[in-house]
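Chains as they are written, first to last, in this note's numbering: chain A, 7 to 417; chain B, 7 to 417.
Protein chains: 2
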Amino acid sequence: MAETLKGNIVIGQSGGPTMVVNLSLVGAVKEALQHEQIQGIYGALCGLEGVLKEEFIDLRAQPAELLDAVADTPSTALGSVRLKIREEHLERIVLVFQAHNVRYFFYIGGNDSQLTCHQISQLAHEVGYEMRVVGIPKTVDNDLVEVDHCPGYGSAARFIATAVACIDRDNEALRPIQIVEAMGRDTGWLAAASLLARREPGDAPHLIYTPEAPFSEAKFLEDVKRVYDEYGRAVVVISEGLRDEQCKQISASTQVDAFGHVQLGGMHQYLVTITENAYPQIKVRSDRLGTLQRSFIYCRSKTDAEESYLVGQMAVRHACEGVNDYMVTLERTSMHPYKCETGLTPLVNVAEQTRHLPLHYVSPTLNDVEESFLDYVQPLVEGEERTLDSGLPRLARLKPVMIPKKLPHID
Amino acid sequence: MAETLKGNIVIGQSGGPTMVVNLSLVGAVKEALQHEQIQGIYGALCGLEGVLKEEFIDLRAQPAELLDAVADTPSTALGSVRLKIREEHLERIVLVFQAHNVRYFFYIGGNDSQLTCHQISQLAHEVGYEMRVVGIPKTVDNDLVEVDHCPGYGSAARFIATAVACIDRDNEALRPIQIVEAMGRDTGWLAAASLLARREPGDAPHLIYTPEAPFSEAKFLEDVKRVYDEYGRAVVVISEGLRDEQCKQISASTQVDAFGHVQLGGMHQYLVTITENAYPQIKVRSDRLGTLQRSFIYCRSKTDAEESYLVGQMAVRHACEGVNDYMVTLERTSMHPYKCETGLTPLVNVAEQTRHLPLHYVSPTLNDVEESFLDYVQPLVEGEERTLDSGLPRLARLKPVMIPKKLPHID
Chain A
7 MAETLKGNIV IGQSGGPTMV VNLSLVGAVK EALQHEQIQG IYGALCGLEG VLKEEFIDLR
67 AQPAELLDAV ADTPSTALGS VRLKIREEHL ERIVLVFQAH NVRYFFYIGG NDSQLTCHQI
127 SQLAHEVGYE MRVVGIPKTV DNDLVEVDHC PGYGSAARFI ATAVACIDRD NEALRPIQIV
187 EAMGRDTGWL AAASLLARRE PGDAPHLIYT PEAPFSEAKF LEDVKRVYDE YGRAVVVISE
247 GLRDEQCKQI SASTQVDAFG HVQLGGMHQY LVTITENAYP QIKVRSDRLG TLQRSFIYCR
307 SKTDAEESYL VGQMAVRHAC EGVNDYMVTL ERTSMHPYKC ETGLTPLVNV AEQTRHLPLH
367 YVSPTLNDVE ESFLDYVQPL VEGEERTLDS GLPRLARLKP VMIPKKLPHI D
Chain B
7 MAETLKGNIV IGQSGGPTMV VNLSLVGAVK EALQHEQIQG IYGALCGLEG VLKEEFIDLR
67 AQPAELLDAV ADTPSTALGS VRLKIREEHL ERIVLVFQAH NVRYFFYIGG NDSQLTCHQI
127 SQLAHEVGYE MRVVGIPKTV DNDLVEVDHC PGYGSAARFI ATAVACIDRD NEALRPIQIV
187 EAMGRDTGWL AAASLLARRE PGDAPHLIYT PEAPFSEAKF LEDVKRVYDE YGRAVVVISE
247 GLRDEQCKQI SASTQVDAFG HVQLGGMHQY LVTITENAYP QIKVRSDRLG TLQRSFIYCR
307 SKTDAEESYL VGQMAVRHAC EGVNDYMVTL ERTSMHPYKC ETGLTPLVNV AEQTRHLPLH
367 YVSPTLNDVE ESFLDYVQPL VEGEERTLDS GLPRLARLKP VMIPKKLPHI D
């Protein structure tokens, strides 16, 4: 046990929101309230942008019931940011932390955020300022290394599987070829989760394309036609990012028309166009699941909610014990029954790394996901009891009680 | 009370599916089971396409628990069709009904379907075949005349409001201009329902554009910028169909690029493009709510579910009493508390008519919906207790027990 380090803490949220990222925030706050060495509990508005501008909300000023309501609200209650951190940013961040006697920093985010955490921890050490930085994992994409799965993924996976199951029935009614685009620029974890919707023979998804499976336009058109001829309909799930046989992203470069104009509307629109051109007699439609994948709170997973709270809580607990420059992880300790515990990994192990869908989950035909993937994903999407007694979900916002600034303003 | 007409009944489902259209089916079937004059209970596969091909499923062969499970399943359990009915179709339909001693026909659909019902009823009368035809209203668009609202609308409205409330929080995190496209080629009922999400000052939707409000590109760009400057973000809800000041649909004709190519991706993509061009420094995103609006079962409305069952039930009850050539309606008999009863209207009154969002609900600024609309829509989206204890919704299909064909095959 390291010696007691007294001071204030800052918590921030970064990158794309999830349905459960406020549970990590509230888990961290509630744990912080238990530790005498922690004085002020500050929330950075819009992640590091708020640190740079000294925009801190007072998280001790939030009533307990409000914190619980915020935990149940999707997206980042503190706001978020996509900010490429530069050297001068880092210096300012450490300066702000010194000015506010911030001795603990917790950042909830993906691999870019974990890199930033590591850089902050390093710089604080270099300038001789004692502080502890612990990363809290978060991403719907499920692409962080060193974890079994990422908080945020299970709920998004549950939304996608539910959406595909519902779209399946609509498709069965009117029988077009229907292309459903899931998030995932680099990895197929989210598209793969749609496999959960296939519960009876003939159920969608009939085909699944991920960035891990080299994509061929000719093969795609053959696949779709075969499925359509067999079922009289087809539901095809794709990741928003797909790669060709040379592992090159199929993107704007191929999605241009004859005049060199970039095709708008993304991957699903591109596939609709080539399918319509190949089979003009068949109706082709598409759905892009969009922002709802990470915000549609009715699809929150119980497992995901509990674990998201836990990683926030454990980050603070470990930091109070002396941990610095680490990220909290999730480790599956048992498959049947599903058991998962938190662990720790050095931030440098996570920074800028991408964990792909393992190839043993990709079908040899490159157009589907193996059933063995269900063992992995099923426990992550467990439902929760939720009485939908009002027409709309109850959503909450933090009370905007601000901490006074201490430094001269910068732009 | 008309004399008892003994024979078989056919029920069919037509047009775009809804979350609750199987409740109308099951309501009709369960009522039919109570009437001795009704013998066979046949479901036409894919609406009138199934009648033309004599593809009838035996609805008496379905276990009661299965019917209940089907009622809870979105989309059309019998399949659906979009078929422009021609004269020779009508003759074949009446011939099939005669061959199968079908004395009752119930068609669940929108205004095209009600027209077809009327034509079938007329032709049967002309050829001296005694039968009763009753239409059952259904459409997410809420555009049927002679009803207070359409079965299917409340659940779609609830989905849209929920989706916009969730997207709002995501938008608040990353603060782009975000365009959300709801269904509604001709009417703004669905887009207008997003107003339910605006529960606190600053909540989305910040702007709502419907086909009933003449759309001006210049005005739109001004509106969006003003909102963005005020809130640092913007959530804009639009109907998929918008009309210009000459009441002309803004469609492919204006959505072409400089080389005359039709802009792909629909209205939201077109608005993203003009907004990005006008304000290149602001991030612009879009969500098209797509098929989920009519199929995402977790958003089913309790009111909508109950009323959808009721209209199916009442259609059969009225037909057994002698009603022919009518559609069942929903009439609101009290605003506070909300009360609604069924009624009847001649099919000719409904056929091919479109009920627009009344102009008193459209804000004079043409970019919003008046608060008075909430009185209308709120009771329609009431939630229901639904324990989401499994990861995915339970969905059911009818047992494929077919009725033998009686006529020579036609193509």
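Each residue gets a CB set at the ideal place from its N, CA and C atoms; glycine is no exception. In this text, all values refer to a predicted model and were calculated from it rather than measured experimentally.
N- and C-terminal bounds of the alpha helix (DSSP H) containing residue i
| i | result |
| --- | --- |
| Ser16 (chain A) | Looking at the sequence itself, residue 16 (chain A) is Val, so the reference to Ser does not match. Val16 (chain A) -> not in any alpha helix (DSSP H); beta strand (DSSP E) instead, spanning Gly13 to Gln19. |
| Ala167 (chain A) | Tyr159 to Leu180 |
| Gly318 (chain B) | Lys308 to Cys326 |
| Arg232 (chain B) | Glu223 to Tyr237 |
| Ala75 (chain A) | Ala70 to Ala77 |
| Gly141 (chain A) | Note, Gly141 (chain A): premise wrong, no alpha helix (DSSP H); beta strand (DSSP E) at Arg138 to Pro143. |
| Gln287 (chain A) | Looking at the DSSP string, Gln287 (chain A) is not in any alpha helix (DSSP H), and its letter there is neither H nor E. |
| Gly33 (chain A) | Val27 to Ala38 |
| Ala198 (chain A) | Trp195 to Ala199 |
First and last residue of the uninterrupted beta strand (DSSP E) at residue i
| i | result |
| --- | --- |
| Asp293 (chain A) | Val290 to Arg294 |
| Val48 (chain B) | Position check: residue 48 (chain B) holds Tyr in this sequence, whereas Val was assumed. First-last of the beta strand (DSSP E) with Tyr48 (chain B): Ile44 to Ala50. |
| Met333 (chain B) | Tyr332 to Ser340 |
| Cys418 (chain B) | One cannot answer for residue 418 (chain B) here, as it falls past the ends of chain B, which runs 7 to 417. |
| Leu213 (chain A) | Leu213 to Tyr215 |
| Arg92 (chain B) | No beta strand (DSSP E) contains Arg92 (chain B), which DSSP labels as neither H nor E. |
6 Å Cβ shell around residue i - same chain, five flanking residues per side excluded
| i | result |
| --- | --- |
| Ser314 (chain B) | Val26, Leu29, Ser30 and Pro157 |
| Lys345 (chain B) | Thr339 |
| Thr360 (chain B) | Asp149 and Asp192 |
| Leu401 (chain A) | Thr79 |
| Leu227 (chain A) | Ala284 |
Distance between residue j and residue i (C-alpha atoms, nearest Å)
| i | j | result |
| --- | --- | --- |
| Gln128 (chain B) | Ala311 (chain A) | 59 Å |
| Glu97 (chain B) | His362 (chain A) | 59 Å |
| Arg323 (chain A) | Ala105 (chain A) | 24 Å |
| Val16 (chain B) | Arg291 (chain A) | 30 Å |
| Leu72 (chain A) | Asn283 (chain B) | 41 Å |
| His366 (chain B) | Glu390 (chain A) | 42 Å |
| Pro211 (chain B) | Glu132 (chain A) | 48 Å |
| Thr168 (chain B) | Gly49 (chain B) | 34 Å |
| Gly160 (chain B) | Gly296 (chain B) | 16 Å |
| Arg88 (chain B) | Ser369 (chain B) | 34 Å |
| Thr335 (chain B) | Asp250 (chain B) | 32 Å |
| Thr24 (chain B) | Ala240 (chain A) | 19 Å |
| Gln261 (chain B) | Glu218 (chain B) | Because Gln261 (chain B) carries a pLDDT of 46, less than 50, the predicted location of this residue cannot be relied on, and the following value inherits that uncertainty. Distance between the alpha carbons of Gln261 (chain B) and Glu218 (chain B) is about 20 Å. |
| Ser119 (chain A) | Leu51 (chain A) | 15 Å |
| Met273 (chain B) | Glu236 (chain B) | 25 Å |
| Ala188 (chain B) | Asp229 (chain B) | 19 Å |
| His95 (chain B) | Glu55 (chain B) | 9 Å |
| Val108 (chain B) | Ile244 (chain A) | 45 Å |
| Ser86 (chain A) | Gly190 (chain A) | 19 Å |
| Lys36 (chain A) | Phe379 (chain A) | 35 Å |
| Cys5 (chain B) | Ser301 (chain B) | No statement about residue 5 (chain B) is possible, as the shown extent of chain B runs from 7 to 417 and does not include it. |
| Gly22 (chain A) | His415 (chain B) | 57 Å |
Residue-level contact to chain C via CB, residue i, 9 Å cutoff
| i | result |
| --- | --- |
| Asn177 (chain B) | The displayed structure is made up of protein chains A and B, and chain C is not among them. |
Residue i: CB within 8 Å of a non-hydrogen atom of the ligand MG
| i | result |
| --- | --- |
| Ile47 (chain A) | Here there are no bound small molecules, and the ligand MG is not part of this structure. |
Per DSSP, the bridge partner or partners of residue i
| i | result |
| --- | --- |
| Glu187 (chain A) | A:Ile244 and A:Arg294 |
| Val368 (chain A) | A:Val375 |
| Ile114 (chain A) | A:Gln19 and A:Ile142 |
| Arg249 (chain A) | A:Gln255 |
| Phe62 (chain B) | B:Ala50 |
| Val387 (chain A) | The partner list for Val387 (chain A) (beta bridge, DSSP) is empty, contrary to what the question assumes. |
| Val108 (chain B) | B:Asn14 |
| Met408 (chain A) | A:Ile63 |
Residues of its chain near residue i, where Cβ-Cβ distance is below 8 Å and the 5 sequence neighbours each way are ignored
| i | result |
| --- | --- |
| Gln43 (chain A) | Thr10, Leu11, Lys12, Gly13 and Cys326 |
| Leu404 (chain B) | Gly49, Ile63, Leu65, Gln68, Leu72, Val76, Ala83 and Leu84 |
| Asp74 (chain B) | Val32 |
| Met408 (chain A) | Glu61, Phe62, Ile63 and Asp64 |
Own chain residues within Cβ distance below 7 Å of residue i, not counting five before or after
| i | result |
| --- | --- |
| Pro385 (chain A) | Thr309 and Tyr344 |
| Gln255 (chain B) | Gly247 and Arg249 |
| Ala163 (chain B) | Leu196, Ala199, Val383, Leu386 and Val387 |
ask   = Taking one C-beta from the region 59-68 of chain A and one from the region 371-385 of chain A each time, how about it: are there three or more such pairs within less than 8 Å?
value = A contact is defined here as three or more CB-CB pairs under 8 Å, and the region 59-68 of chain A fails this definition with respect to the region 371-385 of chain A.
query = Is the region 277-291 of chain B touching the region 218-228 of chain B in the sense that three or more CB pairs, one from each, lie closer than 8 Å?
reply = Proximity of the region 218-228 of chain B to the region 277-291 of chain B meets the contact definition, three or more beta-carbon pairs being nearer than 8 Å.
request  = Determine, using beta-carbon pairs with one atom in the region 317-332 of chain B and one in the region 178-197 of chain A, whether at least three such pairs fall under 8 Å.
outcome  = The answer is no - the region 178-197 of chain A does not touch the region 317-332 of chain B, with fewer than three Cβ pairs under 8 Å.
key: Three or more C-beta pairs below 8 Å linking the region 302-310 of chain B and the region 106-123 of chain B   = At 8 Å Cβ cutoff, the stretches do not touch.
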